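Engineer: Protein chains in written order, with the working numbering: chain A, 1 to 311; chain B, 1 to 311.
C-beta atoms are modelled at their ideal positions from N, C-alpha and C, and glycine is treated no differently.
Since we're looking at a predicted model, the values are computed, not measured.
There are 2 protein chains.
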Amino acid sequence: MVFSVQILGSSAATPTTKRNASAMLINMNYTFYLVDCGEGTQIQLRKYKTKLSKIKHIFISHLHGDHFFGLIGLISTFHLLGRKNELNIYGPAKLKEILEIQLKASQTEIRYQLNFHQTNPNTPELIFENNDYYINSFPLDHRIETTGFLFGEKQKPKKIKKNFLFTEHVSVENIIKIKKGQDFVAESGELYKNENITETPPPPRTFAYCSDTRYYEPMIEHIRNSDLLYHEATFMEDMKDVAKEKYHSTAHEAATIAQKANAEKLIIGHFSARYRELDGMLEEAERVFTNTQLAQEGELFEIEPNKKTRL
Amino acid sequence: MVFSVQILGSSAATPTTKRNASAMLINMNYTFYLVDCGEGTQIQLRKYKTKLSKIKHIFISHLHGDHFFGLIGLISTFHLLGRKNELNIYGPAKLKEILEIQLKASQTEIRYQLNFHQTNPNTPELIFENNDYYINSFPLDHRIETTGFLFGEKQKPKKIKKNFLFTEHVSVENIIKIKKGQDFVAESGELYKNENITETPPPPRTFAYCSDTRYYEPMIEHIRNSDLLYHEATFMEDMKDVAKEKYHSTAHEAATIAQKANAEKLIIGHFSARYRELDGMLEEAERVFTNTQLAQEGELFEIEPNKKTRL
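#1: Using the Cα positions of residue 281(A) and residue 265(A), report the straight-line distance between them to the nearest angstrom.
#2: Residue 284(A) and residue 239(A) look like a contact to me (Cβ under 8 Å); what is the Cβ gap, rounded to whole Å?
#3: Out of 158(B), 167(B), 162(B), point me to the one whose CA is closest to residue 182(B)'s CA.
#4: Compare the C-alpha of residue 21(B) against each of 272(B), 169(B), 291(B), 81(B) and name the closest.
#5: Which same chain residues, not among the five before or five after residue 244(A), have their C-beta less than 8 Å away from its C-beta?
#6: Compute the beta-carbon to beta-carbon distance between residue 34(B) and residue 55(B), rounded to the nearest angstrom, for a pair I have assumed lies under 8 Å.
#7: Of all the CB atoms in chain B, is at least one closer than 8 Å to the CB of residue 362(A)?
#8: At least one CB of chain B closer than 8 Å to the CB of residue 121(A): is that the case?
#9: For residue 62(A), name the three-state secondary structure that DSSP assigns.
#10: Flag this pair as yes or no: are the beta carbons of residue 141(A) and residue 275(A) separated by less than 8 Å?
#11: Could you tell me whether the Cβ of residue 39(B) comes closer than 8 Å to any Cβ of chain A?
#12: Secondary structure at residue 68(A), three-state DSSP: helix, strand or coil?
#13: Between which two residues does the alpha helix (DSSP H) carrying residue 138(B) extend?
#14: Short of 7 Å Cβ to Cβ, which residues in the stretch 63-78 of chain B face chain A?
#15: Would you say residue 7(A) lies against chain B (beta-carbon separation less than 8 Å)?
#16: Please classify residue 153(A) as buried or exposed, where buried requires at least 16 neighbouring CB atoms within 10 angstroms.
#17: Quick one: give me the first and last residue of the beta strand (DSSP E) that residue 267(A) is part of.
#18: List the DSSP bridge partners of residue 234(B).
#19: Kindly list, in the order they appear in chain A, the residues whose Cβ is closer than 7 Å to that of residue 144(B).
#20: Output the residue ranges of the alpha helix (DSSP H) runs that lie fully inside the stretch 185-214 of chain A and measure 4 residues or longer, sorted by chain position.
#21: For residue 113(B), count neighbouring Cβ atoms within 10 angstroms of its own Cβ and tell me buried if that reaches 16, exposed if not.
#22: Interface residues of chain B around residue 80(A) at Cβ under 8 Å?
#23: Exposed or buried, residue 200(B), counting other C-beta atoms within 10 Å across all chains shown (16 or more means buried)?
#24: Run down chain B in chain order and give the residues with a C-beta less than 7 Å from the C-beta of residue 94(A).
#25: By the DSSP assignment, the beta strand (DSSP E) with residue 148(A) in it spans what residues?
#26: Does the beta-carbon of residue 311(A) have 16 or more other beta-carbons within 10 angstroms, so that it is buried, or is it exposed?
#27: So, at 6 Å on beta carbons, what are the nonlocal neighbours of residue 77(A) in its own chain, with the 5 sequence-adjacent residues on each side left out?
#28: Can you tell me whether residue 49(A) is helix, strand or coil according to DSSP?
#29: I need the DSSP call for residue 34(A), collapsed to helix, strand or coil.
#30: Looking at residue 184(A) and residue 172(A), is the spacing between their C-beta atoms short of 8 Å?
#31: Can you tell me which of the three DSSP states residue 1(A) falls into?
#32: Starting from residue 292(B), trace the beta strand (DSSP E) in both directions and tell me its first and last residue.
#33: How is residue 73(B) classed by DSSP in three states: helix, strand or coil?
#34: I'd like to know whether the C-beta atoms of residue 259(B) and residue 301(B) end up nearer to each other than 8 Å.
#35: Taking its Cβ as the centre, do 16 or more other Cβ atoms sit within 10 Å of residue 83(B), making it buried, or is it exposed?
#36: Three Cβ pairs or more, each shorter than 8 Å: is that satisfied between the stretch 218-238 of chain B and the stretch 133-150 of chain B?
The following block contains the structure:
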């Protein structure tokens, strides 16, 4: 099942002609989850030919404009395009009021179901789950209340090998036991060791989104062993003090979090407009955490199903 | 003195990959006046290398999102870029509240002076003037309260020819009289006819902005003899009934207003996304009013000083 992340914007604070404001699109088995929605996100979505009706959930990390000024436009466009299916928005309490006052001013009565879910900036919470996935929010350390998000697959049960099921008659009761890891004794008395008759499903994958934030070790427990981690890197290490003062991180700090959290791969983004070239930024992160890539508009990161359980 | 209009967005309702949401930039002697500010306007301004600090006044016609969703982002960007000079915003009363709630949510205290001027949707009003220019608002006929704007130069006094001033000694009192149109009698008794010793300044120029609106003849008195008229043309005439129902105009109707108002030149814009090609739209308008052009992103319309007074 596909699990990918597409970067829609990599700019901090203000959009530029080269970089868009923060937003990324997560594809989990062809349901789309949008994370943050800076100004111009709807234009980015069109540019990358996203099927807008497949966006079912939108997550807003905090109420700095570069993370949500595009949301009201996207909601309006869904309405104008005749969207039918419901839309879930997860974000700070005040966001609901901001959306409502604007819809009211334009006398727009949204024709689809718009559900608002308030996030909790102080405590980690499960904010969404279905049979296959769960999404957690957790606190970050920013100038205003901000949450990160963890998108995870649920652990699938073991799969019984087909050739075994053809060979032996197995009751439903025993199928459940085998899936839980038990061996099986056939009527003939033959013992089938569990590892010989089952396939272990690939371990569940996770993607963690951490923007905006200072260097903040308490987040690590919520993102540990992520297959893919997005962590903001607004500045480089020579501006560490500025980063701290402005509640942002450096590339070095982002990479340190990735390393301490035992992430598989790191994406850094949310670059200050002062950095026209990003090679130095990338090198700084790579010195701490090799498997780092830059967030760049349009880039798609696929999280492959793992071949073996990661340690 | 330069008097020009640059199109930043020509799209109705939603931005597309080809067309941006409504906005245009008026340059009157190198002070910039922004009219409407749809999502992405700040990116358009950067694309066309506008000196942002020269934007002193922003006018919002109404509170449909495609005309103002970019305003909060632009205000924030001015703040983040360290703007010093004050900014005046003219628009519907509710706009102030919409801006304030968003600035409050992000705990942003704008460092420059932000002045809000409420427009009156029911009565024509002078909303700005200085020594050289005036700006009026006037009601349009849209689904929600909407105003058009007229940007005008003030009539300059007659200019006394320099060679005459070198020849004769003229008192300040007489200079004022000559500028008002009187003839002059020199101490020698010689009579100078006013038309021989003065230059008539070019007639003052005007630009009228009319979006969004149904076909609405009462606006004509407020835009009569405009040198340049922007009038929305969301639809073509075969969708006249839809246009009326949605409180918009057709290209034919826009051209009819231009013709009845005795405009010099018409720009049509605010095109429905259903029209990928606009040739038919233009032809429809030209059949009624020859001097019509399409609004296209980036296009600059210069209003030349007239050589003689228009009738």
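Structural biologist: Taking the definition as stated:
#1: One C-alpha to the other measures close to 16 Å.
#2: Not really, about 11 Å apart at Cβ, beyond 8 Å.
#3: 158(B)
#4: Nearest C-alpha to residue 21(B): 272(B).
#5: 214, 215
#6: 5 Å
#7: Residue 362(A) lies beyond the stretch modelled for chain A, which goes from 1 to 311, so this question has no answer here.
#8: Not one chain B Cβ lies under 8 Å of residue 121(A).
#9: coil
#10: no
#11: yes
#12: coil
#13: Per DSSP, residue 138(B) is not a residue of any alpha helix (DSSP H); the beta strand (DSSP E) it occupies stretches across 133-139.
#14: 63, 64, 65, 69, 70, 72, 73, 76, 77
#15: no
#16: buried
#17: 265-269
#18: DSSP output for residue 234(B) lists no bridge partner at all.
#19: 106, 107
#20: 194-197
#21: exposed
#22: 13, 14
#23: Counting the other Cβ atoms within 10 Å of the Cβ of residue 200(B) gives fewer than 16, which makes it exposed.
#24: 105
#25: 147-153 is the extent of the beta strand (DSSP E) around residue 148(A).
#26: With a pLDDT of 39 at residue 311(A), under the threshold of 50, the predicted position of this residue should be treated as unreliable, and no value is reported.
#27: 42
#28: Residue 49(A): coil per DSSP, three-state reduction.
#29: In the three-state scheme derived from DSSP, where H, G and I count as helix and E and B as strand, residue 34(A) is classed as strand.
#30: no
#31: coil
#32: 292-294
#33: helix
#34: no
#35: By the 10 Å Cβ count, residue 83(B) comes out buried.
#36: yes
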